Amino acid sequence: MTSRLTSELASRLATIALGHVTREYPNHILHGLEGPEDAKTPSELHPVFFGSYDWHSCVHGYWMLARLLRLHPEMPEAQAIRDLFATMLVPDRIAGECAYFDRPMARGYERPYGWGWLLKLAAELHGHEVPAWGAALSPLTERIVQRFRDFLPLATYPVRVGTHYNTAFALRLAADYTETVGDGTFFELLRATALRWYGSDTACPAWGEPSGDDFLSPALIEAECMRRLLPATEFARWFDAFLPDIATGEPRTLFAPASVSDRSDGKIAHLDGLSLSRAWCWSSLASTLPDTDPRRPVMIKAAHGHLKAGIAHVAGDYMGEHWLASFAVLALTETE
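Our numbering numbers the first residue of the sequence shown as 4 and each following residue consecutively.
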């Protein structure tokens, strides 16, 4: 186990993603049909993001490749990534993705998880070594930004599950995009929404964690969302009230990696992702605390334990392999 994204590990993770982002089958499509003409193959529906078993996993596979290429441009897989992007991240293919999102039945398509990851990809491509990649993606990026702008004022309540519908995770990813491109108005919408949804939360018991197919911790991703969106002093007050007993290892369920009984079962395999996303959250949250804070060593220990539990299983069975490496890169590279 490593706690760093070494060149060797970057190469291994890139190889995994290159093996699935253009692998069309098996494929899980969540697709609404308005008529028989809408019954099409994944690559007909999505000219770019048709691989990796499902649309959102393909998007964050591309994000991971872009991140790895930026951090380790010397790795052997770098040219294969460049060739992939030069072939796929082009205007005519992105136009096909836009056409899908323009369908009336696609109003809520991939909301909010896929939306967040698309903006995370856009942020990563912004200022990358080939500006044309991000420029080609921009029409789809603009559509997703508008979807957030339209949806958030209508969303009276957050969704607190540990799976794709979690709203805090989407806000957290979208915040990186707003900062990268300098969209302060969008950032303020995200912040106001987070405060409306989560601002009064205190003494989180985390009693429902982990659920049987979680890959996010509802408690920790909410805290990470608020860390990202609030000023430091305001977040510190909120965090003290939200998880007041961290120094004594409570709530206990947040500190123990989940047991994964069957990695060939796609839902149960989510729990490896839970370990990786918790590692990311614990590390990021610990970075806000001074070295003398008694919570800090407890949180860092939890981060290391979860990373060790999750990173060993990023490959092996396709039910996890098509997405887990992206969460490993989050855990290894997203700590402040």
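Note that the Cβ used here is the ideal one computed from N, Cα and C, for glycine as well.
In this text the structure is predicted, and so the values were computed from the model without any measurement.
Practice problem: May I have the straight-line CA-CA distance separating I97 from H49, to the nearest angstrom? | Solution: For the purposes of this step, residue 97 is taken as the residue at position 94 of the sequence shown. For the purposes of this step, residue 49 is taken as the residue at position 46 of the sequence shown. Roughly 9 Å separates the two Cα atoms.
Exercise. On a CA-only basis, which of M302, T291, G119 and G308 is nearest W146? Give me that one, please.
Key: By one-based count along the sequence shown, residue 146 stands at place 143. Going by the sequence as given, residue 146 is Arg instead of Trp. Among M302, T291, G119 and G308, the Cα nearest to that of R146 belongs to G119.
Practice problem: Count the CB pairs spanning the region 211-218 and the region 253-270 that are closer than 8 Å, and state whether there are at least three. | Solution: Touching, yes, given that three or more Cβ pairs across the two stretches are closer than 8 Å.
Exercise. Name the residue from L193, D86 and H23 whose alpha carbon lies nearest to the alpha carbon of F154.
Key: One-based indexing of the sequence shown puts residue 154 at position 151. Restricting attention to L193, D86 and H23, the CA atom closest to the CA of F154 is found in L193.
Quiz item: What do you get for R240, buried or exposed, if any count of 16 or more other CB atoms within 10 angstroms of its CB means buried?
Solution: Here residue 240 refers to the residue found at position 237 when the sequence shown is read from its first residue. Answer is exposed; the Cβ neighbour count stays below 16.
Quiz item: CB A1 to CB E225, shorter than 7 Å?
Solution: The first residue shown for the chain is 4 and the last is 339, placing residue 1 beyond what the model contains.
Self-check item: Inside the region 162-213 only - alpha helix (DSSP H) runs reaching at least 4 residues
Solution: List check, alpha helix (DSSP H) in window: 170-184 and 187-201.
Quiz item: Can you check whether the CB of A158 is closer than 7 Å to the CB of L174?
Solution: For the purposes of this step, residue 174 is taken as the residue at position 171 of the sequence shown. For the purposes of this step, residue 158 is taken as the residue at position 155 of the sequence shown. Cβ distance not < 7 Å, so L174 and A158 don't count as in contact.
Quiz item: Touch check for the region 13-28 and the region 80-96: three-plus C-beta pairs under 8 Å?
Solution: Flag = yes, the region 13-28 and the region 80-96 touch.
Practice problem: Taking all protein chains shown into account, decide if E324 is buried (16 or more other Cβ within 10 angstroms of its Cβ) or exposed. | Solution: To locate residue 324, count along the sequence shown from 1; it is residue 321. Counting C-beta atoms within 10 angstroms of its own C-beta, E324 has 16 or more neighbours from the protein chains shown and is therefore classed as buried.
Quiz item: Per DSSP, what kind of secondary structure is D153 in: helix, strand or coil?
Solution: The count along the sequence shown starts at 1 and reaches residue 153 at position 150. When DSSP states are grouped into helix, strand and coil, D153 belongs to the helix group.
Practice problem: Classify A261 as buried or exposed, calling it buried when 16 or more other Cβ atoms lie within 10 Å of its own Cβ. | Solution: The count along the sequence shown starts at 1 and reaches residue 261 at position 258. Classification of A261: buried, given that the 10 Å Cβ count is 16 or more.
Quiz prompt | P94, enclosing alpha helix (DSSP H) - first and last residue | solution = Working through the sequence shown from its first residue, we reach residue 94 at position 91. P94 to F104 is the span of the alpha helix (DSSP H), which, as asked, contains P94.
Exercise. Give the range of the alpha helix (DSSP H) segment to which R298 is assigned.
Key: Walking along the sequence shown from the start, residue 298 turns up at place 295. Run containing R298: R298 to I314, per the alpha helix (DSSP H) assignment.
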